[in-house]
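Student:
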Amino acid sequence: ATQVIIGKTIKELGYEPGLQKAADYYAIKMPVFSFEKIRGADISLGPEMKSTGECLGISKSFDEALYKAFEGAGIRLPKHKQIIMTLADKDKQDGIDIAQRFEALGYKIYASRGTAKVLKENGVHAIQVNKIGQEAPTLLDLILEHKIDLVIDTPENGIERAKDGFLIRRYAIETGVHCLTSLDTAHALISSLEHAFNNQELSIVDIAKIDNRGNN
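Here the sequence shown stands for residues 150 to 365, numbered as in the numbering used here.
#1: Between the beta-carbon of I359 and the beta-carbon of Y174, is there less than 8 Å?
#2: Tell me the residue span of the beta strand (DSSP E) that contains V300.
#3: Can you pull the DSSP bridge partners for V181?
#4: Taking the C-alpha atoms as reference points, what is the distance between D302 and L162?
#5: Going by C-alpha to C-alpha distance, which of T235, I281, I245 sits closest to G263?
#6: My understanding is that I276 touches Y256, with C-beta atoms under 8 Å, so please give their C-beta distance in whole angstroms.
#7: Runs of 3 residues minimum, wholly inside the segment 235-273: which ones carry the beta strand (DSSP E) assignment?
#8: Counting pairs of beta carbons, one from the segment 233-253 and one from the segment 204-220, are three or more of them closer than 8 Å?
#9: Whole angstroms is fine: what's the gap from K239's alpha carbon to P180's?
#10: Using CA atoms only, rank isn't needed, just tell me which of D313, A150, I207 is closest to D355.
#11: When the Cα atoms are used, what is the spatial distance from K160 to K178?
#12: Compute the Euclidean distance between the alpha carbons of L299 and P166, then round it to the nearest angstrom.
#13: Can you look up Y216 in the DSSP assignment and give me helix, strand or coil?
#14: Near T287, which residues of its chain fall below 7 Å by C-beta distance, leaving aside the five closest residues on each side in sequence?
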């Protein structure tokens with residue numbers, strides 16, 4: 150490790166590919182957060198570590214391993230098949246594919262004005278909902294009425310926008326609604342849902358055998 154730090158490459162040190170046998174399984178580690186226990190904490194992610202634990206999904210297929218990881222982290226959908234999307238301007242175009250795929254699975258999508266406009270322009274039947282402080286029903290009303298399964302909210306710049314986003318994320322967590330602040334995670338989640346695994350059909354992996362596979 151010291152040699153690498155001072156500029157040597159792995160190859161220069163005499164190491165070649167193949168030291169570790171290729172795995173015949175996928176292992177996906179999922180962070181677990183406890184934001185609901187920390188009142189007033191913003192759940193939006195940054196470079197600092199905020200997770201309080203992690204879980205692991207293991208399977209011979211990537212999609213099943215991903216599904217197991219989400220299940221282990223407590224993210225289980227659907228209940229009402231209704232989601233909220235409020236995306237920062239920089240994320241609106243990337244969010245179109247996610248919205249289209251959720252809609253294809255039968256989800257109803259509620260969105261803030263700007264997000265709804267972009268989604269509608271791209272064929273998504275998004276329902277525009279008023280922001281906080283406007284005439285009811287607002288996005289917060291939907292969350293507080295326990296009608297929503299998932300909130301996808303990517304942080305936006307600006308004091309007022311940041312305040313609205315914080316309240317949406319905070320109320321979602323405090324009412325037990327799953328909230329994602331990263332489109333990468335949202336992409337992974339919709340990919341998992343598209344495969345519609347049944348818990349009774351999930352494979353069981355013996356971790357002890359995985360640990361010993363290199364000694365067989």
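Where is the CB? At the ideal position from N, CA and C, for every residue including glycine.
Tutor: Let me lay it out:
#1: The residue you call residue 359 lines up with position 210 of the sequence shown. The residue you call residue 174 lines up with position 25 of the sequence shown. The answer is yes: Cβ separation under 8 Å.
#2: As a first step, residue 300 must be located in the sequence shown, where it is residue number 151. 299-302 is the extent of the beta strand (DSSP E) around V300.
#3: Here residue 181 is taken as the residue at index 32 of the sequence shown, counted from 1. Answer is G202.
#4: Within the sequence shown, numbered from 1, the residue matching residue 302 stands at position 153. Within the sequence shown, numbered from 1, the residue matching residue 162 stands at position 13. Going by the C-alpha atoms only, they are around 46 Å apart.
#5: Against the sequence shown, residue 263 aligns to sequence position 114. Of T235, I281, I245, the residue nearest in Cα terms is T235.
#6: Position 127 of the sequence shown holds residue 276. Position 107 of the sequence shown holds residue 256. Not quite, the Cβ-Cβ distance comes to about 11 Å (not below 8 Å), so this is no contact.
#7: If we require 3 residues or more, the beta strand (DSSP E) runs fully inside the segment 235-273 come out as 257-260.
#8: no
#9: Position 90 of the sequence shown holds residue 239. Position 31 of the sequence shown holds residue 180. Each residue's alpha carbon lies about 25 Å from the other.
#10: As a working note, residue 355 is residue 206 in the sequence shown. Ranking the options by Cα distance to D355, first place goes to I207.
#11: Taking the first residue of the sequence shown as position 1, residue 160 is located at position 11. Taking the first residue of the sequence shown as position 1, residue 178 is located at position 29. Using only the alpha carbons, I get a separation of about 29 Å.
#12: Stepping through the sequence shown from its first residue, residue 299 is reached at position 150. Stepping through the sequence shown from its first residue, residue 166 is reached at position 17. Answer to the nearest angstrom: the Cα atoms are 42 Å apart.
#13: Taking the first residue of the sequence shown as position 1, residue 216 is located at position 67. Of the three classes helix, strand and coil, the one that applies to Y216 here is helix, per DSSP.
#14: The count along the sequence shown starts at 1 and reaches residue 287 at position 138. Excluding sequence neighbours, T287 sits near V278, N279, K280, I281.
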